[in-house]
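These notes concern the structure reproduced below.
In the numbering used here, the protein residues as written are 35 to 152.
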């Protein structure tokens, strides 16, 4: 996340549009689902208005992402699956997180061994 993204209307417009299109949600539907007037998201997308902090939190919540994920610069965007996995893992007890981590490391090493075999 670049500091200037937080107050850059163009970034916010494009990010909302990107999230919306990725989930096949119209501007109208997003506006109504959030409880705003039917043209609210369109007015943000067109640059006529800038969402309040509250609205940005509501938009993030709607897309099940954190504000940090919203403002991530996207240089290597995580897929929906990866984001869901991260959320699920965060909710696990530390012992289970540790188990998963070592399971994945072992699986990775096993794959590498398979590739090296002639």
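Just so you know, even glycine gets a beta-carbon here, dropped at the ideal spot from N, CA and C.
The C-alpha of residue 45 lies about 38 Å from the C-alpha of residue 137.
One Cα belongs to residue 89, the other to residue 78, and the distance between them is close to 11 Å.
Each residue's CA atom was taken as its position, placing residue 83 and residue 142 some 47 Å apart. For residue 126, the three-state secondary structure derived from DSSP is coil.
The C-alpha of residue 129 is placed about 43 Å away from the C-alpha of residue 61. Residue 96 places its beta carbon 9 Å or farther from that of residue 126. Note on geometry: alpha-carbon atoms of residue 56 and residue 144 lie some 34 Å from one another. Scanning its chain for C-beta atoms nearer than 6 Å, with the 5 sequence neighbours on each side dropped, one finds around residue 74 the residues 65, in chain order.
Take the alpha-carbon of residue 67 and the one of residue 101: they are about 19 Å apart.
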